[in-house]
Amino acid sequence: MQKDAASTDPNVLIKDDVEHVWHHLAQHSTFAAKEPLIMVEGQGLRLRDIRGREYLDATSGGVWCVNVGYGRKSIADAVHAQLLKLPYYAATAGNIPYAQFAAKLTSLMPGINRVYLSNSGSEANEKAYKMVRAIGHMKHGGKKKTIIYRHRDYHGTTIAALSSTGQQERRDWFGPFVPGFAEMPHACCYRCAFGRGYPGCDLECAAALETVIKQVGEDEVGAVIFEPITAGGGVIPPVAGYYDVIQDICRRYGVLLIMDEVVCGMGRTGKWFGYQHYGASPDMVTMAKGVASAYMPISVTATTENVFAQFLHDPGDKMAYFRDISTFGGCAAGCSAALESTRIIEEENLLDNCARMGERLLDGLKDMAGLPFVGDVRGRGLFCGIELVKDKQSREPVDESYVIKVAGAIAAQGVLVGRTNRSLPGQNNILNLAPALCVSAGEIDTILKAVKAGLEKAAQ
Ligand SMILES: Cc1ncc(COP(=O)(O)O)c(C=O)c1O
């Protein structure tokens with residue numbers, strides 16, 4: 031008998047899910063004892079699951095995406111109108127929302143002037159890598175194709191993006207990797223790779239870029255990519271001055287600076303982009319998650335006019351354009367959603383709200399420093415992490431299973447928080463919080479109360 035594919039009975043849907051869905055980052059054998067979580071609807075920061083349970087979402091959709099919150103009818107309306115008018119034409123041609131969004135976006139990022147579209151953060155980074163390598167091919171005699179990335183940073187799920195990811199547990203099993211990538215040390219003060227303390231450390235973690243460039247060969251290194259603030263590797267804001275050192279090294283060695291703003295971009299840290307806190311001037315900026323607040327899949331590789339100009343027609347080489355395409359990159363309705371999400375952030379002063387509510391959140395979390403297992407609290411804007419340790423003196427990380435227990439105890443209070451998930455060996459010990467930019471003071475206080483109760487309960 032044919033199955034009823036459109037059943038709305040929760041028991042049937044859960045059975046269908048267990049039997050046919052393959053969840054991301056999930057061990058399905060646990061579903062024998064515990065039903066999978068199936069989300070049904072949301073409004074603001076509130077979510078409801080298929081069993082009618084309600085949550086306050088302090089993760090913006092699990093992975094820091096839904097910047098303007100759930101239930102924004104104006105975004106759905108903008109997408110609806112564009113789909114009726116023109117659902118698609120390849121980005122070999124332009125479309126009206128693309129032109130409007132590109133003009134708007136570049137107005138928010140002085141120094142950046144060109145917008146290249148694709149569908150995911152990984153793809154946006156791959157485009158940047160292809161641009162770097164094409165420039166190496168065209169302008170540097172086939173050299174300057176190596177790209178340096180930082181330990182603990184994540185740049186995506188595709189093989190080249192993973193090849194440039196400094197998280198061993200995300201890479202395990204998936205090699206062999208793409209050649210032409212090299213790693214530099216992370217920038218986490220709490221676990222300084224050089225055993226130093228800030229201030230007074232001469233920012234060795236940033237200066238290490240020069241060492242790596244020399245090791246690889248300055249003729250070979252074309253670019254370096256950073257998450258301005260490391261996200262999934264443990265919410266790590268580098269100290270002030272870090273990117274001044276990086277930028278100086280990039281200029282001296284003719285190395286392009288790529289900022290992966292897939293998490294930080296579009297307001298998450300209280301400015302439009304994370305790098306803007308540090309006064310950096312990147313050559314390329316990639317972004318995805320918050321671009322359209324995840325109402326539509328859309329990602330961007332944005333560049334300076336100088337990077338773009340490397341691909342302008344050269345009478346000697348008719349092929350000197352960027353020979354790359356993504357079928358769905360440039361989907362007009364994605365740009366309509368991005369334009370409307372950006373308009374909401376401006377109209378509702380959400381950058382300002384993010385900075386103020388972020389401070390309230392970070393201060394409240396820092397007040398929990400005396401609780402058992404709380405080792406370090408860090409963040410910027412609505413983007414915070416709590417590092418849990420077995421012993422505050424030795425800073426030995428708790429096991430990942432303990433973090434799962436704490437996150438579960440917080441969820442039992444009705445609040446969803448995130449955590450490092452199979453990222454760094456022995457160091458998946460960080461809870462993360464990233465509520466939508468429209469969060470209220472009352473909601474921040476509810477989140478703080480639940481986090482405190484969860485930490486206390488798990489420690490019993
Ligand atoms: C900093 C960063 N870059 C890139 C990516 C990859 O984005 P996507 O999953 O959309 O491919 C992610 C995803 O979590 C990310 O956190």
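Sequential numbering of the sequence shown, starting at 31, is according to my numbering. Virtual Cβ for every residue (Gly too), placed ideally from N, Cα, C. Computed from a prediction, not measured in an experiment: that's the story for all the values here.
Start-to-end residues for the alpha helix (DSSP H) that takes in D79:
Residue mapping note: residue 79 aligns to position 49 of the sequence shown, counting from 1. Run containing D79: none in the alpha helix (DSSP H); it sits in the beta strand (DSSP E), R76 to D79.
What I want to know is whether the C-beta of G264 ends up closer than 7 Å to one or more non-hydrogen atoms of ligand 1.
For the purposes of this step, residue 264 is taken as residue 234 along the sequence shown, with counting starting at 1. The answer is no for G264.
Neighbour-count burial assignment, T38, 16 or more Cβ in a 10 Å radius:
Here the question's residue 38 lines up with position 8 in the sequence shown. Result: exposed.
Can you tell which of L113, S311, V162 and K64 has the C-alpha that lies nearest to the C-alpha of S366?
The sequence position of residue 366 within the sequence shown is 336, counting from 1. Closest by alpha carbon: L113.
If you measure between the beta carbons of I375 and L381, is that distance less than 8 Å?
Taking the sequence shown and counting its residues from 1, the one referred to as residue 375 is at position 345. Taking the sequence shown and counting its residues from 1, the one referred to as residue 381 is at position 351. The answer is yes: Cβ separation under 8 Å.
According to DSSP, is Q457 helix, strand or coil?
Taking the first residue of the sequence shown as position 1, residue 457 is located at position 427. Three-state result, Q457: coil.
Contact test: G186 Cβ vs ligand 1 heavy atom, cutoff 7 Å
Residue 186 sits at position 156 when you count from the first residue of the sequence shown. It does: the Cβ of G186 is within 7 Å (strictly closer) of some heavy atom of ligand 1.
Any heavy atom of ligand 1 closer than 7 Å to the CB of S152?
Taking the first residue of the sequence shown as 1, we reach residue 152 at position 122. Yes, Cβ of S152 sits closer than 7 Å to a heavy atom of ligand 1.
Does the count of Cβ pairs from the segment 63 to 73 and the segment 98 to 106 closer than 8 Å reach three?
yes
Quick one: does the C-beta of N564 sit closer than 7 Å to a heavy atom of ligand 1?
What the structure shows of the chain is the stretch from 31 to 490, and residue 564 is not part of that stretch, so it cannot be assessed.
If you count every other CB in all the chains shown that lies within 10 Å of the CB of N379, and 16 or more means buried, which is it?
As a first step, residue 379 must be located in the sequence shown, where it is residue number 349. Per the 10 Å Cβ criterion, exposed.
With a Cβ-Cβ cutoff of 8 Å, do I255 and Y179 count as a contact?
Within the sequence shown, numbered from 1, the residue matching residue 255 stands at position 225. Within the sequence shown, numbered from 1, the residue matching residue 179 stands at position 149. Yes, the Cβ-Cβ distance between I255 and Y179 is below 8 Å.
Considering only DSSP beta bridges, list what C219 is partnered with.
For this step, residue 219 is matched to residue 189 along the sequence shown. Bridge partners of C219: none, in fact.
Residue(s) in a DSSP beta bridge with Q73
Sequence index remark: in the sequence shown, residue 73 carries index 43 (1-based). Answer by DSSP bridge pairing, in chain order: R76.
Which word fits R83, buried or exposed, when buried means at least 16 other C-beta atoms lie within 10 angstroms of its C-beta?
The count along the sequence shown starts at 1 and reaches residue 83 at position 53. Looking at its Cβ environment, which holds fewer than 16 other Cβ atoms inside 10 Å, R83 is exposed.
Taking the alpha-carbon positions, what's the G388 to L412 distance?
Your numbering for residue 388 matches position 358 in the sequence shown. Your numbering for residue 412 matches position 382 in the sequence shown. Their Cα atoms are separated by approximately 4 Å.
Buried or exposed for M349, please, with buried defined as at least 16 other CB atoms from any protein chain shown within 10 angstroms of its CB.
Sequence index remark: in the sequence shown, residue 349 carries index 319 (1-based). So M349 counts as exposed.
Sequence-distant residues of its chain with Cβ nearer than 8 Å to T89 (five each side left out)
Here residue 89 is taken as the residue at index 59 of the sequence shown, counted from 1. Within the same chain, T89 has close Cβ partners L446, V447, G448, N462, L463, A464 and P465.
Status (buried if at least 16 other CB within 10 Å, exposed otherwise) for D406
If you number the sequence shown from 1, residue 406 lands on position 376. Buried is the call here.
Continuous beta strand (DSSP E) assignments of at least 3 residues falling wholly in the segment 136 to 204
144 to 148 and 176 to 180
Answer yes if the segment 449 to 458 comes into contact with the segment 389 to 403, meaning at least three C-beta pairs across the two stretches below 8 Å, and no otherwise.
no
Counting only beta-carbon separations shorter than 8 Å, does L147 have a partner in chain B?
The structure shown contains no chain B; it holds only a single protein chain.
If we ignore side chains and look at the alpha-carbon of each, how far apart do E486 and Y351 end up?
Along the sequence shown, one-based indexing puts residue 486 at 456. Along the sequence shown, one-based indexing puts residue 351 at 321. Going by the C-alpha atoms only, they are around 58 Å apart.
Would you give the residue range spanned by the alpha helix (DSSP H) that M387 belongs to?
On the sequence shown, residue 387 is found 357 positions in, with the first residue counted as 1. Unbroken alpha helix (DSSP H) run through M387: L380 to K396.
For I279: DSSP bridge partner residues:
Walking along the sequence shown from the start, residue 279 turns up at place 249. Paired residue(s): none; I279 is not in a bridge.
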